[in-house]
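Colleague:
Residue numbers (my numbering): 8 to 395.
1. In this structure, how does DSSP classify residue 284 when only helix, strand and coil are distinguished?
2. Given a cut-off of 7 Å, decide if residue 111 and residue 86 are closer than it, judged by their beta-carbon atoms.
3. Throw me the rounded Cβ distance for the residue 352 and residue 27 pair, which I believe falls under 8 Å.
4. In angstroms, rounded to a whole number, what distance separates the CA positions of residue 314 and residue 17?
5. When the Cα atoms are used, what is the spatial distance from residue 117 to residue 53?
6. What does the Cβ neighbour count give for residue 340, buried or exposed, with the cut at 16 atoms within 10 Å?
7. Can you tell me whether residue 77 is helix, strand or coil according to DSSP?
8. Do residue 80 and residue 102 have their beta-carbon atoms positioned less than 7 Å apart in this structure?
9. Here's the rule: buried if 16 or more other CB atoms are within 10 angstroms of the residue's CB, otherwise exposed. What is residue 288?
10. Measuring alpha carbon to alpha carbon, tell me which residue in 122, 309, 208, 294 is nearest residue 346.
11. Rounded to whole angstroms, what's the CA-CA distance from residue 58 to residue 119? Just pull it up for me.
12. What first and last residue would you give for the beta strand (DSSP E) that runs through residue 98?
13. Indicate the three-state DSSP secondary structure (helix, strand or coil) for residue 378 in the structure shown.
14. Check the C-beta distance from residue 282 over to residue 319 and give it rounded, since I have them as a contact under 8 Å.
15. Given a cut-off of 7 Å, decide if residue 121 and residue 163 are closer than it, judged by their beta-carbon atoms.
16. Could you please give the first and the last residue of the uninterrupted alpha helix (DSSP H) stretch that includes residue 222?
17. Do residue 297 and residue 160 have their CB atoms nearer than 7 Å?
18. Between residue 229 and the rest of its own chain, which residues show a CB-CB distance below 7 Å, the 5 nearest in sequence each way excluded?
19. Starting from residue 312 and walking both ways along the alpha helix (DSSP H), at which residues does that stretch end?
20. Do you know how far the Cα of residue 306 is from the Cα of residue 284?
21. For a minimum of 3 consecutive residues, which ranges assigned as the beta strand (DSSP E) are wholly contained in the stretch 287 to 355?
22. Could you check whether residue 364 and residue 326 sit closer than 7 Å to each other, using their CB atoms as the reference points?
23. Among all the DSSP beta bridges, which residues are the ones paired with residue 5?
24. Quick test of the definition: if touching needs 3 or more C-beta pairs under 8 Å, does the stretch 148 to 155 touch the stretch 92 to 108?
25. Is it the case that the Cβ atoms of residue 342 and residue 42 are separated by a distance below 7 Å?
Now the structure itself:
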């Protein structure tokens with residue numbers, strides 16, 4: 008590369024990094040506890056706990072489960088019910104005044120006894136604060152889109168840092184951390200080393216995080232296209248006076264997809280279905296397919312299946328990216344790896360900020376080796392200084 012090309016790439020790396028660094032630091036710091044959100048929730052007592060019972064204990068009728076939740080919140084209507092992928096002993100239910108009620112009530116019911124379980128308040132808790140800061144900065148859709156833009160700048164910083172890394176390291180062995188009279192040179196080398204080591208992880212997490220910020224827009228597009236087509240035959244149907252059995256609706260969905268399990272159920276009037284359908288969203292059973300959904304629409308009066316389709320490619324990409332972003336695929340080992348790489352990236356980001364604040368420091372040449380350090384770029388990758 009020519010000196011002019013290097014200067015152009017350095018400009019791109021510096022400014023893309025400068026703009027996104029503070030927000031990336033925030034995302035890495037808040038993302039660290041979210042990797043272990045279940046474990047932290049159990050430690051803080053904010054996770055719902057079910058009673059220990061034999062593994063073969065039969066499950067309660069879903070209509071009884073719903074009745075227990077409605078008895079707790081009379082006058083409210085069902086919105087959603089779901090289970091955690093690794094725990095089928097608890098149903099999590101939300102109820103509201105209507106299908107899009109933002110002030111919904113959440114409760115948990117034992118899936119075997121249909122008893123309401125103590126449900127700690129999530130909003131306002133430590134994990135709630137971490138979640139909102141990480142996902143939308145408490146700014147809703149616009150906060151998500153802003154963080155998505157910061158994720159895009161991160162990817163630009165990574166690519167430009169990779170381009171600059173090779174000429175910068177031409178006179179240094181890989182892994183070299185030089186000892187100098189100023190700590191800036193040492194931090195520069197450490198920043199470059201950790202940056203290139205965490206390169207792939209940072210790119211994957213940055214890309215999946217950016218995709219996740221588009222979730223609301225993707226869902227709205229799917230609802231306006233494929234979901235609208237699935238419920239089109241009921242467009243002019245009169246409102247339902249009574250609803251059929253949810254237990255029967257789920258049984259019919261399972262009969263249609265016998266190798267799948269229930270992910271969540273959307274009730275009439277919610278965005279995931281229509282005024283006339285239960286939306287039963289089915290999961291696979293493998294580590295990958297357990298994160299994907301197949302919608303099965305059930306007539307809410309007759310409990311008969313009316314339509315079922317695979318999700319489009321863009322929602323599949325979204326669903327695959329979500330657990331990959333938090334390292335949810337590979338158990339505790341992968342979580343530990345994700346946490347370690349997250350901490351390394353925090354060091355890369357922090358050292359990049361330090362190098363920028365201490366820019367312009369020059370270390371005298373020694374033994375014929377030039378160690379001049381000019382204005383540096385930031386994070387996460389890796390090239391601060393003049394490239395000889």
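C-beta: ideal position from N, C-alpha, C; glycine also.
Modeller: Let me lay it out:
1. strand
2. yes
3. Not really, about 12 Å apart at Cβ, beyond 8 Å.
4. 54 Å
5. 16 Å
6. exposed
7. helix
8. yes
9. buried
10. 208
11. 10 Å
12. 94 to 103
13. Low confidence applies to residue 378: its pLDDT is 37, below 50, so where it sits in the model is not reliable, and the reading given next is rough at best. If DSSP states are grouped into helix, strand and coil, residue 378 belongs with coil.
14. Actually they are not in contact, since the Cβ atoms of residue 282 and residue 319 sit about 23 Å apart, beyond 8 Å.
15. no
16. 222 to 229
17. no
18. 319, 322
19. Premise fails: residue 312 lies in the beta strand (DSSP E), 312 to 315, not in any alpha helix (DSSP H).
20. 5 Å
21. 301 to 306, 312 to 315
22. no
23. Examination of residue 5 is not possible in this model, given that the chain is present from 8 through 395 alone.
24. no
25. yes
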